[in-house]
Amino acid sequence: MPQGNVGLAFLLTTLAGLSTAIGSALAMFTRRANKTFLSAALGFSAGVMIFVSFVELYPMAREAISKAHGPGLAGWYTAFAFFGGVALIMLIDYLVPEAENPHEAPHRDCFEGGEEPGSRPPASSEQRLMRVGVLSALVIGIHNFPEGMATFISALTDPRIAVSITVAIALHNIPEGIAVAAPIYFATGNRKRAFWLSASSGLAEPVGALVAYLVLRPFLSDGLLGIIFAGVAGIMVFISLDELIPTAREYGKGHASVYGLVGGMMVMAASLLIGH
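Letter by letter, the sequence shown follows residues 153 to 428 in our numbering.
Right, dumping it as C-alpha cells:
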C-alpha cells in the first residue's frame, strides 16, 4: 500500500461518505402520500445503480484486473466476478424466507380505494418498501466499502488529486442518499429513521478505508479490488431489475418510473463528468 498523509486520506474519505446524508435530507422534502414521487424515486434509484455499475464500476474493475493479470484475461475475470455477484445476491434472495421476501410487487391501491390522503399503506406494502430501502442501503453500502478503499489509497498515492477525487465521490453519493431514504420514508413515515439509515450507507466508505489500512494491507491488490468492484456491479444490477424497477412501476402512474430511471442515469453521468 502506498504511504502518505494517512490522516488527510481518512478525512477526505469520511467527507465523501458523509455526503450521502445530503441526499438523505433532500428525500425528506415531499409528501408521503405522493406515490408519483415514490415511483420516480425508486426508478431514480435503479437508474443510479445501473449507470454506476456499467459506466463506472465495470470498466474500473476491468482496468484494475488488467493491471494484475494482463488485458487478455481481464475481460474474462471481470465477467466472472460480475455474474458471481449476481449469483450471490440471487442465492441470498432464494434463502430469505418467503414471508419476508415477497416476489410480487405491492398493489397500487395502497394509496387508493378509500384511504385518506397521507394515510399509511397496508402492512404488506410497507414491508415491501422497507425491504427495497434496506436492500438499497445494503447494496450501496457494499458498493461504498471498496470505493472507500480506492479513495483512501488514491489519496495516499497522490495528495494533489485527493480533493478532486473527494468531490467526484461526494457528488455521486448525494443521489445514492435519495435512493435509500425515499422508500424507507414512504414505508415508515419516520423522517429521522429514513435519514439515519440512508446516511449510514455512506459510512461504509470510511469503514472501507479503515479496513484497507488495518486488515487488508498485506492482501490488497489491483486484482482483488477489481473483482470486488465487478461483483458489486452485478449485485446492484440484480437488485435494480428484481426489486427497484418492478416496485417503481407498480406504484407509478404513466411513465414516472421510467422518467425517474433516466433522471438517475443523467444525474450520475453529470456527477462523473463534473468530478473528472
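Cβ atoms here follow ideal geometry from the backbone N, Cα and C, with glycine treated the same way.
Bear in mind the structure is a predicted one, so any value in this text is a computation, not a measurement.
How close, in whole Å, do the beta carbons of residue i and residue j come, if the pair is a contact with beta carbons under 8 Å?
i, j, result
"MET180", "ARG343", "5 Å"
"PHE338", "ALA177", "Their Cβ separation, rounded to whole angstroms, is 16 Å, which puts PHE338 and ALA177 out of contact at 8 Å."
"ALA331", "SER288", "5 Å"
"PHE203", "GLY416", "7 Å"
"PHE304", "TYR246", "At roughly 34 Å, the Cβ-Cβ gap does not stay under 8 Å, so PHE304 and TYR246 are not in contact."
"TYR403", "SER205", "Their Cβ separation, rounded to whole angstroms, is 23 Å, which puts TYR403 and SER205 out of contact at 8 Å."
How about residue i and residue j: do their beta carbons lie closer than 8 Å?
i, j, result
"GLY386", "PHE162", "no"
"PRO327", "MET420", "yes"
"SER409", "ALA422", "no"
"GLY360", "ASN296", "yes"
"THR165", "PRO358", "yes"
"SER197", "LEU396", "yes"
"MET418", "MET201", "no"
Cutting at 6 Å between CB atoms, please list the residues of its own chain near residue i, excluding the five before and the five after it.
i, result
"VAL238", "GLY386 and PHE390"
"ALA382", "ALA213, THR230, ALA233 and PHE234"
"GLY236", "GLY383"
"GLU301", "Note on residue identity: the sequence assigns Met, not Glu, to residue 301. Closer than 6 Å at the Cβ level, and outside the excluded window around MET301, lie GLY360 and ALA364."
"ASN325", "SER171, THR172 and GLY354"
"SER218", "ALA226"
Please name the residue in the options whose C-alpha comes closest to that of residue i.
i, options, result
"GLY412", "ILE397, GLU278, GLY293 and GLY195", "GLY195"
"GLY175", "ILE294, ALA220, GLY354 and LEU362", "GLY354"
"ALA173", "ASP374, ILE217, ALA333 and LEU164", "ALA333"
"GLY227", "TYR210, ASP245 and ALA193", "TYR210"
"LEU225", "LEU393, GLY378 and THR165", "GLY378"
"SER352", "ALA168, ASN157 and GLY159", "ALA168"
"ILE241", "SER373, SER350, ILE294 and LEU349", "ILE294"
"GLN279", "ILE292, GLY341 and GLY329", "GLY341"
"ARG283", "LEU349, GLY222 and ALA220", "LEU349"
"ASP374", "LEU160, PRO223, ASN157 and VAL158", "PRO223"
"PHE371", "ALA220, LEU281, ILE292 and ASN186", "ALA220"
"ALA322", "ILE426, VAL414, VAL367 and LEU281", "ILE426"
Report the three-state DSSP secondary structure of residue i (helix, strand or coil).
i, result
"HIS221", "helix"
"GLY285", "helix"
"PHE371", "coil"
"GLY341", "coil"
"ASN157", "coil"
"LEU355", "coil"
"ALA179", "coil"
"ASN325", "helix"
"SER171", "coil"
"ASN296", "helix"
Suppose the cutoff is 8 Å on Cβ atoms and the five residues either side in sequence are ignored; what does the same chain contact list for residue i look like?
i, result
"VAL207", "MET420, ALA421 and LEU424"
"PRO249", "With a pLDDT of only 48 at PRO249, under the threshold of 50, the placement of this residue in the model should not be trusted; the figure read from the coordinates follows. No residues qualify anywhere along the chain."
"GLY329", "SER171, THR172, ALA173, ILE174, GLY175, SER176, ALA177, LEU178, ALA179, SER350, ALA351, SER353 and GLY354"
"ALA216", "ASP374, GLY375, LEU377, GLY378 and PHE381"
"LEU362", "PHE162"
Quick one: residues in its chain with C-beta nearer than 7 Å to the C-beta of residue i, no 5 flanking neighbours on either side, listed in chain order?
i, result
"GLY159", "none"
"LEU281", "PRO335, PHE338 and ALA339"
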